[in-house]
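Asker: Going down the list, the protein sequences come from chains B and W.
Take the first sequence: its position 451, counted from the start at 1, is 451 in my numbering, and no numbers get skipped.
Take the second sequence: its position 66, counted from the start at 1, is 66 in my numbering, and no numbers get skipped.
We put the CB at the ideal spot given by N, CA and C, even for glycine.
Fair warning: this is a prediction, and the values are worked out from it, not measured in the lab.
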Amino acid sequence: MTNHWVDIKNADLILVMGGNAAEAHPCGFKWVVEAKASRKAKLVVVDPRFTRSAAVSDFYAPIRAGSDIAFLGGVIRYLLANDKIHHEYVKAFTNAAFLINEGFQFEDGLFSGYDAAKRKYDTATWQYQLDGQGFVKIDETLQSPNCVFQIMKRHYARYTPEVVSRVAGTPRADFLKICEMIAETAAPNRTMTICYALGWTQHTVGSQNIRTMAMIQLLLGNMGMAGGGVNALRGHANVQGITDQCLYSEVLPGYLSAPADADKTRAEYLAKRTPKPLRPNQMNFPQNFPKWHTSLMKAWYGNAATAENGFCYDWLPKKDAAYDVLALFERMHQGKMNGFVCQGFNPLASVSHKAKVTAGLAKLKYLVVIDPLATETAEFWKDYGEFNPADPAAIQTEVFRLPSTCFAEQDGSFTNSGRVIQWHWKAADGPGEAMSDVDIVAGLFARLRALYAKDGGAFPDPVLGLAWPYRIPQRPHPEEIAMEINGKALADVTDPKDPTKVLAKAGEQLAGFAQLRDDGSTASGNWIYCGMWSQAGNLTARRDPADLTGLGQTLNWGFAWPANRRILYNRASCDLAGKPWDPSRTVIKWDGAKWGGNDIPDMRPDAKPEEGVMPFIMNPEGVARLFAPERMVDGPLPEHYEPFETPLDGNPMHPNNPKAVSNPAARVYPGDLESFAKAKDFPYVATTYRLVEHFHFWTKHSLLNAITQPQQFVEIGEELAREKGIANGDRVRVRSTRGQLTAVAVVTKRLRALEVDGRKIHTVGMPIHWGFRGATHPGYITNTLTPFVGDANSQTPEFKAFLVNIEKA
Amino acid sequence: MVWQSLDIRRRSATTTPMPQVRESTEVAKLIDISQCIGCKACQVACMEWNDLRCEVGYCVGVYDNPPDLTAKAWTVMRFTELENDGRLEWLIRKDGCMHCQDPGCLKACPAPGAIVQYANGIVEFHQEHCIGCDYCLTGCPFNIPRLSDQDHKAYKCTLCSDRVAVGQVPACIKTCPTGALHFGSKEDMKEHAEQRIADLKSRGFANAGLYDPPGVEGTHVMYVLQHADHPEWYAGLPQDPAISPLVEVWKGWTKPLAIGVMAAGVLASLVHYVMKGPNEISKETEKEVENETRPE
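Structure (structure tokens):
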């Protein structure tokens with residue numbers, strides 16, 4: 001979330017789209033209820049299903065799964081065509097006026113630079129026009145045909161209400177009503193918040209779904225505002241913490257881009273990631289990359305990391321290929337993987353195309369499962385009849401189960417969706433021989449290191465040289481780890497403006513990332529968490545609910561990264577002179593000498609408004625990108641592409657270009673493209689989702705949850721049920737090209753047929769929570785049916801839109 | 001225990017006068033249907049607090065689970081899909097005991113002290129006195145009490161009288177994540193409901209209103225309804241609930257007659273005993289009965 005949970009109460013309009021907050025986030029949803037009750041806010045829900053969120057909404061509109069960009073592109077067109085944008089904001093705080101390379105083109109569904117053979121774009125023509133000093137050229141009149149504003153206007157002119165309705169199936173009148181409601185928040189003193197979740201990410205255009213919404217929020221001037229922002233509601237209690245700490249392959253902790261094979265030396269690696277400012281006077285905060293990275297190396301390798309050896313840069317693994325979840329299982333499926341350590345992860349249930357995952361697991365030599373529960377993955381080899389047919393004799397994978405404790409059985413921290421890190425304390429001992437994850441990993445590490453020390457091996461240095469500064473090496477305490485993540489001074493850290501002034505003495509905990517250095521004098525395991533455990537102690541353990549701001553900022557409750565800032569980009573809540581757009585919801589303001597107010601300013605505190613330092617400090621241009629010259633592999637502007645399994649004959653936006661049916665830059669593995677279904681055989685759109693009664697694949701093990709939602713079901717509309725002769729409560733069989741399952745049919749008015757591109761589209765809704773282990777009645781893994789293809793940028797699998805057929809079982 | 005902390009206002013099948021010295025505040029639970037997302041956290045809290053675990057049931061084609069109240073499920077969510085004025089609504093009502101001011105269950109109950117009403121308005125079953133006759137269900141205009149197969153006694157929501165007695169809100173109120181459930185004095189709850197109704201009216205629900213039916217002299221569980229003119233849309237919430245005439249008859253003019261009949265019965269038994277001695281069951285008959293009732 002750019003904002004935070006409590007801040008939802010400050011919104012005038014709450015859009016729930018690409019998610020179902022009431023269902024998946026019932027506790028956080030209280031702030032939606034609060035905004036409605038106390039602020040007279042309106043709640044709008046756009047979803048293929050009439051959801052629990054819709055049940056308490058002011059307005060609901062249906063949408064075909066996988067057509068969100070068509071809908072949101074239509075909103076952009078509406079805002080531009082009806083002049084419902086926050087002009088001053090857009091002109092000053094976005095790249096609307098920036099000039100783009102004249103070679104940039106968008107033609108018949110493809111951006112310039114496309115290489116069909118590689119399914120990749122060369123982004124050269126997407127770049128800014130630079131002047132002699134290396135600054136971007138701008139056109140303040142916004143009239144140049146090459147300026148972002150005009151390019152955007154041309155791009156979205158095609159997304160008329162008629163087109164939206166034809167592609168997304170949303171009735172035109174419903175779409176326009178929502179446009180009107182959204183447009184009202186273009187006023188400086190009105191804000192909209194958007195709450196989304198996996199309903200946007202789990203598409204092959206997932207990242208672009210979210211970008212489209214970010215563009216809308218920028219056009220409306222809702223970024224940086226109380227009650228505004230783009231708010232990802234994260235799933236697992238600590239999934240935010242997991243991404244922050246880099247438990248995926250693309251980045252190092254704190255979202256530091258990970259080195260790849262091409263980054264031969266530390267100097268090359270740092271140079272590529274340390275941008276120069278693209279406009280005068282901008283903070284260009286990523287220029288500090290070397291400080292963050294060097295401090296990380298010092299935290300990892302301690303005294304072994306020196307300036308002379310490039311702070312052990314050579315010890316870091318260099319990415320040679322993709323290591324996202326689909327890439328891992330593809331590699332496993334090809335038999336190119338020996339072992340897999342599966343910690344707090346149940347991939348057999350939660351990765352798409354179960355048959356492929358099963359086949360992959362069966363090719364491993366060993367599988368280690370670290371989990372508090374008896375997961376399906378740990379028993380992939382066991383025959384559970386129709387729910388998991390398997391021949392144990394034919395599977396040679398050796399499976400080790402290491403029972404771990406759960407979060408309530410150990411100290412630690414959770415980072416919530418609003419980036420607030422909150423310490424939690426152990427409430428009970430774990431059962432039986434369960435150990436904490438930390439202890440299990442520390443135990444494995446100690447044994448492995450001993451083996452490397454004894455036997456050497458190909459490259460023992462990074463293992464032998466890893467800093468392991470814990471009091472009890474086999475049992476690092478979570479507090480020690482938290483202090484290490486925060487970081488400390490290794491030598492006295494002095495003020496660059498006054499070297500006689502010591503900011504942190506050697507050995508002291510650092511107060512924030514401004515104190516990090518690139519000379520090896522500081523260590524920090526994650527720069528964005530720096531400040532959470534300063535000399536003042538564990539700030540994540542703070543529990544002061546006092547809200548002196550009236551906005552629910554509660555700055556002394558836990559610690560929010562970065563720098564305890566609760567609303568990101570909050571400089572944008574003020575006009576160019578530093579006055580709040582809405583004084584009744586002041587986040588920060590310029591008081592004549594400094595920035596301050598109800599939040600930690602996301603701005604250099606002494607940056608006078610007339611200096612023109614813009615709010616989006618993480619971009620070298622200082623402003624937000626309506627047009628993204630980099631970082632998006634599939635286009636600088638979002639465009640509607642069909643899901644890889646589309647119920648239509650093609651992309652109605654580009655009916656004559658077979659290359660532009662689905663995301664042209666999404667990665668597809670050989671063999672998978674052929675396995676995607678065609679609408680003539682599998683005519684119904686399926687979408688998977690969660691229910692409030694359960695949490696993923698955990699709570700089916702809990703009796704109380706099982707009582708409230710005991711048995712697997714699928715949902716279909718009344719019209720489809722009539723066509724297929726399916727009555728409420730009947731058992732039905734659902735098939736995709738990858739497998740089939742049977743479940744109880746819930747026939748409902750909440751899933752209705754939509755008119756899309758001249759035909760009728762039915763949706764089959766599939767809750768995910770069942771499996772062959774647990775207190776519920778046994779069920780099928782829903783991902784038996786889902787396709788093995790992901791978002792072009794994040795590789796998140798397309799769980800939300802694929803094709804099935806259905807019949808009475 | 002409750003005897004010490006909660007005064008009893010009424011007691012089933014009892015004529016002894018009830019205590020009247022202490023002044024109690026009447027309490028109420030307010031269920032705001034317009035803020036309820038049907039998450040069932042209240043169901044789980046109820047099961048946890050009251051140590052209830054019903055069986056893992058089946059999906060019967062709706063989200064309702066358990067599908068009905070049982071002796072071990074004292075509150076359930078009832079989901080209704082409604083097409084109204086061209087728009088779909090999903091009405092979700094938390095069902096359970098309404099704690100009537102004039103409780104039909106208590107009136108119908110023939111077992112002394114099996115049902116009591118506290119001065120604060122809570123109606124509670126005291127199962128140790130329950131004879132399992134099921135009359136409370138006949139007496140209830142809301143179809144709430146359920147007889148247990150296990151002990152043949154009737155059960156229902158207690159409004160967490162044990163929690164309320166020590167100044168805590170009921171478990172369901174405590175756990176409700178959206179704040180759709182409220183608890184306090186009945187007066188305060190009515191006042192809060194007024195604000196909610198005004199909000200709903202401003203959102204186009206012209207007939208929003210409070211459900212506090214006069215047919216049972218009001219209830220200590222009240223609903224804020226978007227469509228107060230159509231309570232029946234909410235999974236059959238009665239339009240104008242009243243105690244069954246059967247109960248009125250049974251507890252009204254026939255009561256002295258019934259007592260007379262019963263007394264005559266007792267007298268007849270006595271005569272039979274004196275004249276013929278006690279009834280005896282032969283060993284064979286006993287064995288037969290045992291065989292018939294033994295589970296397979």
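I want to verify the contact list: residues of chain B whose CB lies under 7 angstroms from the CB of W:Arg203, in sequence order.
Answerer: Near W:Arg203 (Cβ distances below 7 angstroms), the residues of chain B are Asp58.
Asker: Determine the contact status of B:Cys179 and B:Leu233, defining contact as a CB-CB distance below 8 angstroms.
Answerer: No. Outside cutoff.
Asker: Less than 8 angstroms between the beta carbons of B:Lys488 and B:Gln474, yes or no?
Answerer: No.
Asker: Jot down the residue ranges of each uninterrupted alpha helix (DSSP H) in the stretch 325-375 of chain B, minimum 4 residues, whole runs only, in chain order.
Answerer: For the stretch 325-375 of chain B, whole alpha helix (DSSP H) runs of length 4 or above, ordered along the chain, are 325-333, 347-350, 354-362.
Asker: If you run the structure through DSSP and keep just helix, strand and coil, what is B:Leu803?
Answerer: Looking at B:Leu803 - three-state DSSP - the assignment turns out to be strand.
Asker: Can the beta-carbon of B:Asp261 be found less than 8 angstroms from the beta-carbon of B:Lys318?
Answerer: Against a cut-off of 8 angstroms, the Cβ pair of B:Lys318 and B:Asp261 comes out as a contact.
Asker: Shorter than 8 angstroms from the beta carbon of B:Thr265 to some beta carbon of chain W?
Answerer: Not closer than 8 angstroms to any Cβ of chain W, the Cβ of B:Thr265 fails to qualify, so no.
Asker: Using a Cβ-Cβ distance cut-off of 8 angstroms, determine whether B:Ile707 contacts chain W.
Answerer: Output row for B:Ile707: interface = yes.
Asker: Would you mind giving the Cβ-Cβ distance between B:Trp292 and B:Leu316, rounded to the nearest angstrom? I have them listed as a contact below 8 angstroms.
Answerer: That belief does not hold up - the Cβ atoms of B:Trp292 and B:Leu316 are roughly 14 angstroms apart, past 8 angstroms.
Asker: Give the C-beta separation of B:Ala305 and B:Gly520 to the nearest angstrom, bearing in mind that I take them to be a contact with Cβ-Cβ under 8 angstroms.
Answerer: With a Cβ gap of about 7 angstroms, B:Ala305 and B:Gly520 count as contacting.
Asker: Could you say which of B:His762, B:Arg154, B:Asn189, B:Ile768 lies nearest to B:Asp582 if we only look at CA atoms?
Answerer: When each option's Cα is compared against that of B:Asp582, the closest is B:Asn189.
Asker: Am I right that B:Pro26 and W:Cys39 are in contact with their C-beta atoms under 8 angstroms? What's the rounded C-beta distance?
Answerer: Confirmed, about 5 angstroms.
Asker: Any chance the stretch 448-456 of chain B sits against the stretch 582-601 of chain B, with 3 or more Cβ pairs inside 8 angstroms?
Answerer: The stretch 448-456 of chain B is not in contact with the stretch 582-601 of chain B.
Asker: When you compare only the Cα positions, how much space is there between B:Leu703 and B:Gly771?
Answerer: About 15 angstroms.
Asker: Could you check what DSSP says for B:Leu451 in three-state terms: helix, strand or coil?
Answerer: Reduced to three states, the DSSP call for B:Leu451 is helix.
Asker: Hey, B:Ile726 and B:Val732: beta-carbon distance below 8 angstroms or not?
Answerer: Their beta carbons are under 8 angstroms apart, which means B:Ile726 touches B:Val732 by this criterion.
Asker: Please list, in chain order, all residues of the same chain as B:Phe400 whose beta carbon is under 8 angstroms from its beta carbon, the five residues on each side excluded.
Answerer: Only Tyr366, Leu367, Val368, Val369 meet the Cβ criterion.
Asker: Short of 9 angstroms Cβ to Cβ, which residues in the stretch 744-776 of chain B face chain W?
Answerer: Per Cβ criterion, the list reads Val744, Ala745, Val746, Val747, Thr748, Lys749, Arg750, Arg752, Ala775, Thr776.
Asker: Are B:Glu630 and B:Thr123 touching if we call contact CB-CB under 8 angstroms?
Answerer: Yes, these two residues count as a Cβ contact at 8 angstroms.
Asker: Under 8 angstroms Cβ-Cβ, which residues of chain B neighbour W:Met47?
Answerer: The answer, in chain order, is Leu704, Ile707.
Asker: Spatial neighbours of B:Leu720 within its chain, please: CB distance less than 6 angstroms, with the 5 preceding and 5 following residues excluded, ordered by chain position.
Answerer: Here the set comprises His762.
Asker: Hey, out of B:Ser404, B:Ala427, B:Ala458, whose CA is closest to B:Ala442's CA?
Answerer: Checking every option, the nearest Cα to that of B:Ala442 belongs to B:Ser404.
Asker: Would you call the stretch 207-216 of chain B and the stretch 102-113 of chain B touching, i.e. three or more CB-CB distances under 8 angstroms?
Answerer: Flag = no, the stretch 207-216 of chain B and the stretch 102-113 of chain B do not touch.
Asker: So, is the C-beta of B:Ala55 closer than 8 angstroms to a C-beta in chain W?
Answerer: Yes, because at least one Cβ of chain W sits closer than 8 angstroms to the Cβ of B:Ala55.
Asker: Going by the beta-carbon positions, is the gap between W:Cys36 and W:Cys172 smaller than 8 angstroms?
Answerer: Their beta carbons are not under 8 angstroms apart, which means W:Cys36 does not touch W:Cys172 by this criterion.
Asker: Around the C-beta of W:Arg22, are 16 or more other C-beta atoms found within 10 angstroms, so that it is buried, or is it exposed?
Answerer: Exposed is the call here.
Asker: Looking only at DSSP bridge pairs, what is B:Gly596 linked to?
Answerer: Note: B:Gly596 sits in a beta bridge opposite B:Lys589.
Asker: Where W:Gln20 and W:Val116 are concerned, what is the direct C-alpha to C-alpha distance, given to the nearest angstrom?
Answerer: One C-alpha to the other measures close to 15 angstroms.
Asker: For the structure I just gave you, are there three or more beta carbon pairs, one from the stretch 136-143 of chain B and one from the stretch 648-667 of chain B, closer than 8 angstroms?
Answerer: No, the stretch 136-143 of chain B does not touch the stretch 648-667 of chain B.
Asker: Taking the alpha-carbon of W:Lys366 as reference, which of W:Arg78, W:Gly204, W:Leu137 has the nearest alpha-carbon?
Answerer: What is shown of chain W runs 1 to 296, which leaves residue 366 of chain W out entirely.
Asker: Anyone know if the C-beta pair for W:Cys109 and W:Ala13 falls short of 8 angstroms?
Answerer: Contact flag set, yes.
Asker: Thinking just about the alpha-carbon of each residue, which of B:Asp68, B:Ala37, B:Gly74 is nearest to the one in B:Ser57?
Answerer: For the residues B:Asp68, B:Ala37, B:Gly74, the minimum Cα distance to B:Ser57 belongs to B:Ala37.
Asker: Does the count of Cβ pairs from the stretch 71-79 of chain B and the stretch 146-160 of chain B closer than 8 angstroms reach three?
Answerer: Yes: the two stretches touch, three or more of their Cβ pairs being nearer than 8 angstroms.
Asker: Pick helix, strand or coil for B:Arg543, following the three-state DSSP scheme.
Answerer: Three-state DSSP puts B:Arg543 in a strand.
Asker: Counting along the chain, where does the alpha helix (DSSP H) carrying B:Tyr89 start and finish?
Answerer: Taken as a continuous stretch (DSSP letters only), the alpha helix (DSSP H) holding B:Tyr89 covers 87-93.
Asker: In the DSSP assignment, find the alpha helix (DSSP H) that holds B:Leu510 and state where it starts and stops.
Answerer: Per DSSP, B:Leu510 belongs to no alpha helix (DSSP H) and is neither H nor E.
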